[in-house]
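**Student:**
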């Protein structure tokens with residue numbers, strides 16, 4: 007993991023929800039090797055109350071917990087927050103979790119016992135997401151930038167507000183800069199993996215290009231779209 011990503015994790019706040027006291031303490035000790043501020047919760051209800059007051063940067067949660075399980079916790083959080091990385095941990099590969107994965111925008115679903123190499127990869131994913139949140143003004147071209155916090159585009163000195171779908175698509179393209187973003191990826195992220203008509207996609211792209219430098223979003227044949235570095 008790059009040093010700048012390590013620094014982001016170190017300065018963040020991690021909430022760990024796990025009802026087994028031995029497992030919780032063991033995992034918390036591992037997390038504290040990378041993060042200075044780790045908060046422990048013994049069930050989902052306590053974790054949600056902590057989330058509301060402390061607003062941690064990252065959440066690791068077991069599935070099976072009393073009062074409120076991991077999925078219920080994730081649902082409650084997503085009702086008020088769509089961006090905080092949530093990692094669900096389970097001893098089994100459960101179909102219910104897999105079905106909820108996309109809907110709840112979970113970052114990762116990890117199966118116990120967790121390998122150290124997999125843990126590091128997940129921490130790196132968390133750090134990259136937090137890094138994106140730190141960059142509020144994203145420069146798209148010499149004349150155009152995107153304000154992620156306010157969901158607005160500034161183009162040639164004029165500010166344009168984006169709809170939720172327009173902002174979601176633009177952020178998906180930015181997250182995959184210099185890579186192809188296919189229609190399937192857009193359906194997965196913006197439409198919870200539901201079919202999206204070609205007309206709907208063309209309309210979003212058309213309206214988005216009208217609000218920004220039209221040269222920023224590139225059409226890659228019939229395969230999809232991409233955004234390149236300036």
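Numbering (this note's numbering), first residue to last: 7 to 236.
Even glycine gets a Cβ: it sits at the ideal position worked out from N, Cα and C.
Quick caveat: nothing in here was measured; it's all calculated off a predicted structure.
1) Please determine if the segment 185 to 193 and the segment 202 to 209 are in contact, where contact requires at least 3 C-beta pairs separated by less than 8 angstroms.
2) With 16 as the cutoff for other CB atoms within 10 Å, does residue 152 come out buried or exposed?
3) Do three or more CB pairs link the segment 72 to 87 to the segment 42 to 51 at distances below 8 angstroms?
4) With a threshold of 8 angstroms on Cβ separation, who are the neighbours of residue 128 within its own chain once the five nearest residues in sequence on each side are excluded?
5) What residue range is occupied by the uninterrupted alpha helix (DSSP H) comprising residue 16?
6) At the level of alpha carbons, what is the spacing between residue 23 and residue 96?
7) Under 7 angstroms Cβ to Cβ from residue 56, same chain only, skipping five residues before and after it: list those, please.
8) For my contact list, residue 167 and residue 157 are in at a C-beta cut-off of 8 angstroms; report their separation, rounded to the angstrom.
9) For residue 111, which option in 232, 197, 233, 221 has the closest C-alpha, if you only look at C-alpha atoms?
10) Does DSSP put residue 150 in a helix, in a strand, or in coil?
11) What distance in whole Å lies between the Cβ atoms of residue 54 and residue 83, which are believed to be in contact at a cut-off of 8 angstroms?
12) Only counting the same chain, and skipping five residues up and downstream in sequence, which positions put a Cβ closer than 8 angstroms to that of residue 137?
13) Compare the C-alpha of residue 213 against each of 176, 148, 68, 133 and name the closest.
14) Identify which residue in 159, 164, 163 has its Cα closest to the Cα of residue 170.
15) Would you identify the three-state DSSP class for residue 69, choosing helix, strand or coil?
16) Beta-carbon separation of residue 187 and residue 231 under 7 angstroms?
17) Between which two residues does the beta strand (DSSP E) holding residue 92 run?
18) Does residue 40 come out as helix, strand or coil in the three-state DSSP assignment?
19) Run through DSSP, which three-state label would residue 163 get?
**Tutor:** Taking the geometry as given:
1) yes
2) buried
3) yes
4) 93, 113, 114, 116
5) 9 to 17
6) 12 angstroms
7) 21, 45, 47
8) 7 angstroms
9) 197
10) strand
11) 7 angstroms
12) 10, 11, 14
13) 176
14) 159
15) coil
16) yes
17) 92 to 96
18) coil
19) coil
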